[in-house]
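S.K.:
Right under this line is the structure:
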């Protein structure tokens, strides 16, 4: 895994679109001047950005800056105090909770610690949505096995989360998020607190989701090496592992956001990030 | 300074009551619309009903025994030991059966509901459930409330029956009185209003236990320490509310069905 950032002088590639329709499609998520506060000063202030259907956006920032809060605003787990949030073209900031549930089934979310249901087996965790939809048991088993093979944990099918390691839990959580073929995936610090080897495995899975399923995503992290790895590598389906892009090349659809004290201070490509003159960005990168 | 503290505490109390009212109402009305989670209702019925049967049975039996023991000495002064059965059965069925069952089940199940849901909140499992498109109110709270109401009704009948049996055991083996007389008095003195009074109360207690347990569980904050705090609050509030509502219900039911 390369931990060195790509050169700031490298040519900036154009975003890749699979179809003309995709290129013209509206954003999957759009924040307009969003602020949120909990009985005190605002946690997030005046946030505006969007996630387009082909984009993987990486949200950077130090711990406690409001990254996870922002992620929970995306699928309506939290409501903004001000501003508007559009999800799949629908305004959700004032939507009733009951109307949000169908929208949320179109999103996969990987929580910081996995948030697996500890009273259920891995099979029931991964197939949770399918069980709720009344899908026949045989089909659930098949699809759960398929999702677990994707994260290379097929042998954990009948285990309970308590018997899994931290890294395995995150991988099961990724399988749970992907089983429904979501139209957007949210990753909340998927490598937080993991050792470097396990972190690489998780980042490889995130990359696999990006390059194999081509699902737009919003990934929260404070680990620069994870962000740069996602930018400078692609998933090689033929060999089943990630491979470095040719020197100087980066993934054009992986772009960055950065938060400082609840404000969005950067929105752009990795090349723009590396060329940024913002004092906080410079300090964060160094 | 003191005024500010009282003011803040009063506001907090009013807000909590408001939140609880909305929570309890939503949990209740969820029963009348889809989706409904019958398997969760059955699992919770097993946990609350079968799981609590032994403690309810034992507490009912020994409470009935104590009633017979205590009353026999007093009744003997008036030469009225023959009405021990009447005393035990009416007290158990109208008052002690429902209240004791409510408090025993509150201690066992309001605490487990608060700690289980509280742990799910602090480990983001509730958020995960919402993110997966499942309403935790429907999936977790509503089945618990209706399981608790249903099971408390039957547990109260068990407590009443074993209370009368406990009284009979004490009457026969310790007080050396006539068992047939005890049981016939216990049976003859009962009227339908007594039974109605005794079986209306657990419906309210069941609702209080589960709704309070789930309410404090779902609003847990502050990690594992918060789970402990939520559990204590749930048991204390549920127990006090059971006794308070029992008092109010007794007033209403005595007005509706005056004693002879």
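Residue numbers (the working numbering), protein chains in the order written: chain A, 1 to 286; chain B, 1001 to 1260. Idealized CB from N, CA, C, for every residue including glycine. Everything numeric in this text was worked out from a predicted model, so none of it was measured.
Taking C-alpha atoms, which residue in A:198, A:189, A:209 lies nearest to residue 175 of chain A?
M.R.: A:209
S.K.: Can the beta-carbon of residue 65 of chain A be found less than 8 Å from the beta-carbon of residue 29 of chain A?
M.R.: Between residue 65 of chain A and residue 29 of chain A, the gap from beta carbon to beta carbon reaches 8 Å or more.
S.K.: For residue 4 of chain A, name the three-state secondary structure that DSSP assigns.
M.R.: Low per-residue confidence applies at residue 4 of chain A: pLDDT is 49, beneath 50, and the placement is therefore not dependable, though the value from the model is reported in the following sentence. Coil, per DSSP.
S.K.: Quick one: which unbroken beta strand (DSSP E) runs of 3-plus residues sit fully inside the stretch 235 to 284 of chain A? Chain order, please.
M.R.: 241 to 244, 254 to 260, 263 to 268
S.K.: Which runs of the alpha helix (DSSP H) fall wholly inside the stretch 1068 to 1124 of chain B and span at least 4 residues, in chain order?
M.R.: 1084 to 1091, 1097 to 1105, 1111 to 1122
S.K.: Between the stretch 1205 to 1217 of chain B and chain A, which residues of the former have a C-beta closer than 9 Å to a C-beta of the latter?
M.R.: Residues: none.
S.K.: Please list, in chain order, the chain B residues whose beta carbon lies closer than 7 Å to that of residue 102 of chain A.
M.R.: Under the 7 Å cutoff, chain B gives 1133.
S.K.: Am I right that residue 1068 of chain B and residue 1171 of chain B are in contact with their C-beta atoms under 8 Å? What's the rounded C-beta distance?
M.R.: 5 Å
S.K.: Below 8 Å CB to CB, which residues in the same chain sit around residue 1086 of chain B once its five sequence neighbours on both sides are set aside?
M.R.: 1185, 1186, 1188, 1189
S.K.: Does residue 162 of chain A have its Cβ less than 8 Å from a Cβ in chain B?
M.R.: Among the CB atoms of chain B, none fall inside 8 Å of the CB of residue 162 of chain A.
S.K.: From which residue to which residue does the alpha helix (DSSP H) around residue 148 of chain A run?
M.R.: Looking at the DSSP string, the run of the alpha helix (DSSP H) that includes residue 148 of chain A is 137 to 150.
S.K.: Using the rule of at least 16 other Cβ atoms within 10 Å of the residue's Cβ for burial, across every protein chain shown, is residue 1042 of chain B buried or exposed?
M.R.: exposed
S.K.: Relative to the C-alpha of residue 1166 of chain B, which candidate in B:1057, B:1034, B:1014, B:1246 has its C-alpha closest?
M.R.: Considering only alpha carbons, the answer is B:1057.
S.K.: Spell out the partners DSSP gives residue 233 of chain A in its beta bridges.
M.R.: A:244
S.K.: Counting pairs of beta carbons, one from the stretch 103 to 113 of chain A and one from the stretch 1143 to 1152 of chain B, are three or more of them closer than 8 Å?
M.R.: no
S.K.: Would you say residue 128 of chain A reaches chain B, if we count a Cβ-Cβ gap shorter than 8 Å as a contact?
M.R.: yes
S.K.: Going by alpha carbons, who is nearest to residue 99 of chain A out of A:118, A:121, A:76?
M.R.: A:76
S.K.: Which of the three DSSP states, helix, strand or coil, is assigned to residue 95 of chain A?
M.R.: coil
S.K.: Leaving aside the five residues before and after residue 226 of chain A along the sequence, list all residues of the same chain whose C-beta is less than 6 Å from its C-beta, in chain order.
M.R.: Excluding its 5 nearest sequence neighbours in each direction, residue 226 of chain A has C-beta neighbours in its own chain below 6 Å: 191, 203, listed in chain order.
S.K.: Short check: CB of residue 1193 of chain B to CB of residue 1156 of chain B, under 8 Å?
M.R.: no
S.K.: Between residue 1020 of chain B and the ligand FAD, is there a pair consisting of the residue's CB and a ligand heavy atom that are separated by less than 7 Å?
M.R.: The ligand FAD is not part of the structure shown, which contains no ligands of any sort.
S.K.: Within 10 angstroms of its Cβ, does residue 137 of chain A collect 16 or more other Cβ (buried), or is it exposed?
M.R.: exposed
S.K.: Taking C-beta pairs closer than 7 Å, name the residues in chain B that residue 132 of chain A reaches, listed in chain order.
M.R.: 1134
S.K.: So is residue 1110 of chain B in contact with chain A if we call contact Cβ pairs under 8 Å?
M.R.: no
S.K.: Considering just the uninterrupted stretch of the alpha helix (DSSP H) at residue 56 of chain A, what are its terminal residues?
M.R.: It is not in any alpha helix (DSSP H) - residue 56 of chain A instead sits in the beta strand (DSSP E) that spans 56 to 60.
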